[in-house]
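Undergrad:
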Amino acid sequence: MNSNFKFKLLSHLKAKKEGQGFTLIELLVVVIIIGVLAAVALPNLLGQVGKARESEAKNAMGTINRTQQSYHFEKASFGPTLTNAALQANNALGVIIPASKYYEFAITGANATSATANAQGIDTAAAIDNGKSQGTRDYSARIDFSATGGTYNSIICQNDVSGVATVAPTSATACAAATTKVQ
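Under the numbering used here, the letters of the sequence shown match residues 9 to 191, in that order.
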């Protein structure tokens, strides 16, 4: 074998071995970059989880408003006051709201012209904490019947912040203070 060729081959292999792997500083920089990205992304991720949980309350409030409208159409009065347990079983409205890990539902203030409902956040022990531990906001709903026009108006409102008890709307056209209209 040519000695010049051997020399070049050995020097190439030696240079190749020295260039392999990462230095400790390079690895540290990568770890720091990943840490910064995770610190920025984590709060956003937790917010999205809370929004996904809130969809359960929005669906339940809409279902309650629609069943109240049907009940009123048939009986000329809105359905009775129902607790969370009553909503999860056969009840006067004829609709079952499934049990929730994040909310407790109730129908309050039902009469001949209006009905209100609320969804209050619960903690992992099923105690009402207005969504503070689960990262959710409370919801309230109202449906009104206008005898003069024969029309129904309904509204669903969400609290602006988590951990605060919801205030029921006083009409089906506007939400109470510190709440925002959903539909």
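The beta carbon of each residue, even a glycine, is placed where N, CA and C say it ideally should be.
1) So for residue 110, helix, strand or coil by DSSP?
2) When the distance is taken between beta carbons, is residue 106 closer than 8 Å to residue 148?
3) Relative to the alpha-carbon of residue 155, which residue among 17, 121, 103, 64 has its alpha-carbon at the smallest distance?
4) Using CA atoms only, rank isn't needed, just tell me which of 168, 53, 126, 143 is closest to residue 67.
5) Mind checking who residue 160 pairs with in its DSSP beta bridge?
6) Quick one: is residue 101 buried, meaning 16 or more other Cβ sit within 10 Å of its Cβ, or exposed?
7) Have a look at residue 163 and residue 45 and give me their C-alpha separation to the nearest angstrom.
8) Can you list, in chain order, the residues of its chain with a C-beta nearer than 7 Å to that of residue 71? Leave out the 5 residues immediately preceding and following it.
9) Between the segment 41 to 61 and the segment 133 to 147, do three or more beta carbon pairs fall short of 8 Å?
10) Could you have a look at residue 92 and say whether DSSP puts it in helix, strand or coil?
11) Taking the beta strand (DSSP E) that residue 122 falls in, what are its first and last residues?
12) With a cut-off of 8 Å on the beta carbons, I'd call residue 138 and residue 190 a contact; round off their distance for me.
13) Distance check for residue 91 and residue 181, CA to CA, integer angstroms please.
14) Counting only the same chain and skipping the five closest in sequence on each side, list residues whose C-beta sits under 8 Å from that of residue 187.
15) Using 10 angstroms around the beta-carbon of residue 75, count the other beta-carbons present and answer buried if the total reaches 16, otherwise exposed.
16) Return the bridge partner residues of residue 115 from the DSSP annotation.
TA: On the basis of the coordinates in this document:
1) Position 102 of the sequence shown, counted from the first residue, corresponds to residue 110. Reduced to three states, the DSSP call for residue 110 is coil.
2) Start at 1 with the first residue of the sequence shown, and residue 148 comes out as number 140. Start at 1 with the first residue of the sequence shown, and residue 106 comes out as number 98. Between residue 148 and residue 106, the C-beta spacing is not below 8 Å.
3) As a working mapping, residue 155 is identified with position 147 in the sequence shown. When C-alpha distances from residue 155 are compared across 17, 121, 103, 64, the shortest belongs to 121.
4) Locating residue 67 in the sequence shown gives position 59, counting from the first residue. That would be 126, whose Cα lies nearest to the Cα of residue 67.
5) Looking up residue 160 in the sequence shown gives position 152. Beta-bridge analysis with DSSP links residue 160 to 153.
6) As a first step, residue 101 is located in the sequence shown; it is residue number 93 there, counting from the start. Under a 10 Å Cβ-count criterion, residue 101 is classified as buried, with 16 or more other Cβ atoms of the shown protein chains found around its own Cβ.
7) As a working mapping, residue 163 is identified with position 155 in the sequence shown. As a working mapping, residue 45 is identified with position 37 in the sequence shown. For residue 163 and residue 45, the gap between their C-alpha atoms comes out near 39 Å.
8) In the sequence shown, residue 71 corresponds to position 63, counting from 1. Shown here for residue 71: same chain residues with a beta carbon closer than 7 Å to its own, the five before and five after excluded, namely 103, 105 in chain order.
9) Segments in contact, yes.
10) The residue given as residue 92 occupies position 84 in the sequence shown. Three-state DSSP puts residue 92 in a helix.
11) Sequence index remark: in the sequence shown, residue 122 carries index 114 (1-based). In this chain, the beta strand (DSSP E) harbouring residue 122 covers 122 to 129.
12) By 1-based counting over the sequence shown, the position of residue 138 is 130. By 1-based counting over the sequence shown, the position of residue 190 is 182. Not quite, the Cβ-Cβ distance comes to about 17 Å (not below 8 Å), so this is no contact.
13) Within the sequence shown, residue 181 is the residue found at index 173, counting from 1. Within the sequence shown, residue 91 is the residue found at index 83, counting from 1. Distance between the alpha carbons of residue 181 and residue 91 is about 25 Å.
14) Your numbering for residue 187 matches position 179 in the sequence shown. Cβ neighbours of residue 187 beyond the five flanking positions: 148, 165, 166, 167, 168, 174, 175, 177.
15) As a position in the sequence shown, residue 75 is number 67, starting the count at 1. It is buried - the Cβ of residue 75 has at least 16 other Cβ atoms within 10 Å.
16) Counted from its first residue, the sequence shown places residue 115 at position 107. Beta-bridge pairing links residue 115 to 90, 125.
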